[in-house]
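Read top to bottom, the protein sequences are chains P and G. Residue 21 in the working numbering sits at position 21 of the first sequence, with consecutive numbering throughout. Counting the second sequence from 1 gives a position; the working numbering is that position plus 1000. Data block below; observations after.
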Amino acid sequence: EKSDDSDIWDDTALIKAYDKAVTSFKTA
Amino acid sequence: VGFSPSLRWQQQQVSNFSDIRQSIAKNRKHWSSQTLDDNVLMPKLADEEGWKRFCLGEKLYLGTSSCDPDEEPESALDYCKVGFPPFLSIVSRLNQTTLLMVLEILISWFEEREFVPQLGRWLYALLACLEKPLLPEAHSSIRQLARRCAQFRSTLESREDEKLPALNLLICLVARYFEQSDLADQP
């Protein structure tokens, strides 16, 4: 099954997701 | 008090993490079939020391790190010194047995040392690829991770400490995404 290229993540996507989550941090 | 995250932030992280896991599942076939660069020599399954060096780099592994671990490597060769990041092309190759073993190795490393940025990235990536339902040993490992994060957090002196968001994120994902509710930060 051929994938749509637009659905393929960048190789660094997990790292970016982690950095984004950390950056979004807010305390209660 | 003042160091733990808001409930809203925790809920948002769980939601985002769930989306990310679904995207990883869609991308796994693509990335696991990509050819790795020549310099990426993944350790063998049981090579505990090799995995520590691979993920964290020789500088941390040997305890000789004196430079910023977030510093951008000047060449691909430098990944050997600062550790390979958890690229999708790398983590997509790990089966569940290997993934859990690497997770246990890194948690064990963290038990005796300080938290460092590349450790956070790897723990997050491994948790993102950890399939549910969890095996009993996986339950035990991630609970150990959340407890160590909370213990380390309790030693921080400032809410501005750059390690705090990462520790809170890992606690949040273990407690709320992987349903270890007794370990969750309460609002």
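We put the CB at the ideal spot given by N, CA and C, even for glycine.
Among the residues facing chain P, Gln1012/G is included, as its CB has a counterpart in that chain under 9 Å away.
Taking the Cα positions, Glu1131/G is about 7 Å away from Gln1096/G.
Closer than 9 Å to the CB of Val1091/G there is at least one CB belonging to chain P. At a cut-off of 4 residues, the continuous stretches assigned as alpha helix (DSSP H) that sit fully inside the stretch 1092-1127 of chain G are 1096-1112.
Comparing C-alpha distances from Leu1036/G to each of Leu1123/G, Arg1093/G, Phe1178/G shows the shortest one belongs to Arg1093/G. At least one C-beta of chain P is nearer than 9 Å to the C-beta of Tyr1124/G. Put simply, the stretch 1111-1126 of chain G touches the stretch 1160-1167 of chain G. At least three CB pairs are less than 8 Å apart.
Between Ala13/P and Tyr1124/G, the C-beta gap is not smaller than 9 Å, which leaves the two residues out of contact. No Cβ of chain P is located within less than 9 Å of the beta carbon of Lys1132/G. When Glu1137/G, Arg1143/G, His1139/G, Ile1171/G are compared, the shortest CA-CA separation from Arg1153/G is found for Ile1171/G.
As summarised for the stretch 1016-1068 of chain G, the continuous alpha helix (DSSP H) elements at least 4 residues long and confined to that stretch are 1048-1062, given in chain order. Of all residues in the stretch 8-26 of chain P, only Ile8, Trp9, Asp10, Asp11, Thr12, Ala13, Leu14, Ile15, Ala17, Tyr18, Asp19, Lys20, Ala21, Val22, Thr23, Ser24, Phe25, Lys26 come within less than 9 Å of chain G when Cβ atoms are compared, listed by chain position. It is roughly 14 Å from the alpha-carbon of Asp11/P to the alpha-carbon of Val1040/G. For Ile15/P, the uninterrupted alpha helix (DSSP H) run begins and ends at 13-23, by DSSP.
Put simply, of Ser1032/G, Lys1081/G, Asp1038/G, Leu1045/G the residue whose alpha carbon is nearest the alpha carbon of Arg1053/G is Lys1081/G.
Near chain P, meaning a CB-to-CB distance below 8 Å, the residues of the stretch 1156-1183 of chain G are Arg1159, Leu1164, Pro1165, Ala1166, Asn1168, Leu1169. Those residues of the stretch 1012-1030 of chain G placed with their C-beta closer than 7 Å to a C-beta in chain P are Gln1013, Asn1016, Ile1020, Ser1023, Lys1026, Asn1027, His1030, ordered along the chain.
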